[in-house]
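Quick note on the UniProt record's numbering: the sequence shown kicks off at 1 and runs consecutively.
The C-beta atom is built at its ideal place from N, Cα and C for all residues, glycine as well.
Contents: one structure, followed by commentary.
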Amino acid sequence: MELRRRKLGAATPSTAKNDGTEGTSAPIKRRGLSSSAAGTPPPSAGATPTQAAEAAGEAAASQDVPVVPTPETASGEGGSAAKRKRSRLPPVDIGIPALLLGQGAQVAGVAAAADAVDALPLGRAGFTQETLEAARDFLLKADPKLAPMIAEHGAPERLLKKTGPNFPTLAKAIVFQQLATTAAAKIYGRVLTTCGCSELLTPEALLAASMADLRAAGLSERKVSYLKDLAQHFSDGRLSDDKIAAMDEATLERALCAVKGIGMWTCHMHAMFHLGSPDVLPVGDLGVRKGMQTLYGLKELPSPDTMHRIAEKWRPFASLGSYYMWKAPVEKASSSKAKKSKKG
1 MELRRRKLGA ATPSTAKNDG TEGTSAPIKR RGLSSSAAGT PPPSAGATPT QAAEAAGEAA
61 ASQDVPVVPT PETASGEGGS AAKRKRSRLP PVDIGIPALL LGQGAQVAGV AAAADAVDAL
121 PLGRAGFTQE TLEAARDFLL KADPKLAPMI AEHGAPERLL KKTGPNFPTL AKAIVFQQLA
181 TTAAAKIYGR VLTTCGCSEL LTPEALLAAS MADLRAAGLS ERKVSYLKDL AQHFSDGRLS
241 DDKIAAMDEA TLERALCAVK GIGMWTCHMH AMFHLGSPDV LPVGDLGVRK GMQTLYGLKE
301 LPSPDTMHRI AEKWRPFASL GSYYMWKAPV EKASSSKAKK SKKG
């Protein structure tokens, strides 16, 4: 069977602007279209996504570096979602992006991967449980270096397409920018109360809230302006769930990055963890770059071009390959600590 491995991404250096929030990075070309990508400021080596964002602090306020909420600290349904048993129903997202440990996986069934590649629609198609498991099997065959991460983390349900609306997840990403996770979760909870929303924040409720009330909830003036701009995009129809569902990746990048406070990193995380997009390679993410450096024995952090060359064998499932990169440095660090403790 000949696999239809659709190449959905390639990168060359470029510079993007978004109300002062974007930096120099690489565009993502998908089916002949392109848009620019932004990198994240480099935290300390080996830092987790949350630690990296916390280290950035207010000095990186102009960058697009949302903090990663953990199940224990994020508001909403994060904690319970981490404890739920595996389900074939797409979970509701809690924000961008709680990188949970995957469940143990069987590494058999490689033959089904070819059918999964052929079965992917040409338009936007978020991961389902079946295609995610097939993608796992496909990557095991395509790139044996991923085998340790696949064996331990399996097919992570966090990459499944979510059923909830886009606005609350994007708003939460803005609230969490440059803040410690626990503090951000408390502020987000107060924003919900201020807007009179019990669970999901809505554009109408946020637009109705005053600057003073939102500032009193703990938001900076800049973040209030970002949230108001996001809400206005949804209110006037420039963004909607239906429009986002119909967008290809390049159009999605342009549409989301037109919102103040949202850059390419947030766009990639939203595509991966809320929309379930199968073939996203976040070239600006330090964790993915560190994972590639560790797993493939690179002397330096890979450039976007190098990342795309490495990820070519993952296509059309670069999102899953990228997820395993977040796990690669952690696995190596844990092994090193275990060896040292035995020697001691």
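Given that a residue counts as buried once 16 or more other Cβ atoms are within 10 Å of its Cβ, and exposed if not, what is residue i?
i, result
"T193", "exposed"
"G237", "exposed"
"Q63", "Residue confidence is low: Q63 scores 40 on pLDDT, short of 50, so the model does not pin down where it sits. No coordinate-derived value is stated."
"M211", "exposed"
"D137", "buried"
"S198", "exposed"
"P49", "Note that P49 has pLDDT 43, beneath the 50 cutoff, so the model's placement of it is unreliable and the number below is only indicative. When all chains shown are included, P49 counts as buried."
"D143", "buried"
"G297", "exposed"
"E300", "exposed"
"T163", "exposed"
"E221", "exposed"
"residue 427", "What is shown of the chain runs 1 to 344, which leaves residue 427 out entirely."
"G126", "buried"
"A135", "buried"
"G196", "exposed"
"residue 355", "Outside the displayed span of the chain (1 to 344) sits residue 355, for which this structure offers no information."
"L99", "Note that L99 has pLDDT 34, beneath the 50 cutoff, so the model's placement of it is unreliable and no number is given."
"Q103", "Its pLDDT being 32, under 50, Q103 is placed unreliably in this model, and the value from its coordinates should be taken loosely. By the 10 Å Cβ count, Q103 comes out exposed."
In this structure, does DSSP put residue i in helix, strand or coil?
i, result
"H274", "coil"
"T128", "coil"
"I262", "coil"
"S322", "helix"
"L230", "helix"
"T251", "helix"
"K162", "coil"
"A155", "coil"
"E300", "coil"
"P144", "helix"
"F317", "coil"
"residue 400", "Outside the displayed range of the chain (1 to 344) lies residue 400, so it cannot be described from this structure."
"L139", "helix"
"V305", "Looking at the sequence shown, residue 305 is not Val but Asp. The answer is helix: DSSP assigns D305 an H, G or I state."
"V224", "helix"
"G284", "coil"
"L295", "helix"
"L256", "helix"
Throw me the rounded Cβ distance for the residue i and residue j pair, which I believe falls under 8 angstroms.
i, j, result
"L201", "P168", "5 angstroms"
"I187", "Y226", "About 14 angstroms separates the two Cβ atoms, so there is no contact after all."
"Q129", "L159", "Incorrect: roughly 10 angstroms between the Cβ atoms, too far for contact."
"L207", "K223", "Contact flag wrong, Cβ pair sits at about 15 angstroms."
"L139", "G263", "The Cβ separation is near 28 angstroms, so there is no contact."
"A231", "P203", "4 angstroms"
"I310", "P316", "With 8 angstroms as the limit, I310 and P316 do not qualify as a contact, their Cβ atoms being about 15 angstroms apart."
"H153", "K313", "Actually they are not in contact, since the Cβ atoms of H153 and K313 sit about 19 angstroms apart, beyond 8 angstroms."
"C267", "L252", "7 angstroms"
"G284", "W265", "5 angstroms"
"A318", "D279", "5 angstroms"
"A151", "E133", "No, A151 and E133 are not in contact; Cβ-Cβ is about 14 angstroms, not under 8 angstroms."
"L239", "A255", "6 angstroms"
"L146", "Y324", "5 angstroms"
"D241", "P304", "30 angstroms between Cβ atoms; not a contact."
"L170", "V191", "With 8 angstroms as the limit, L170 and V191 do not qualify as a contact, their Cβ atoms being about 13 angstroms apart."
Contiguous beta strand (DSSP E) assignments of at least 3 residues, all confined to the stretch 170–217: none
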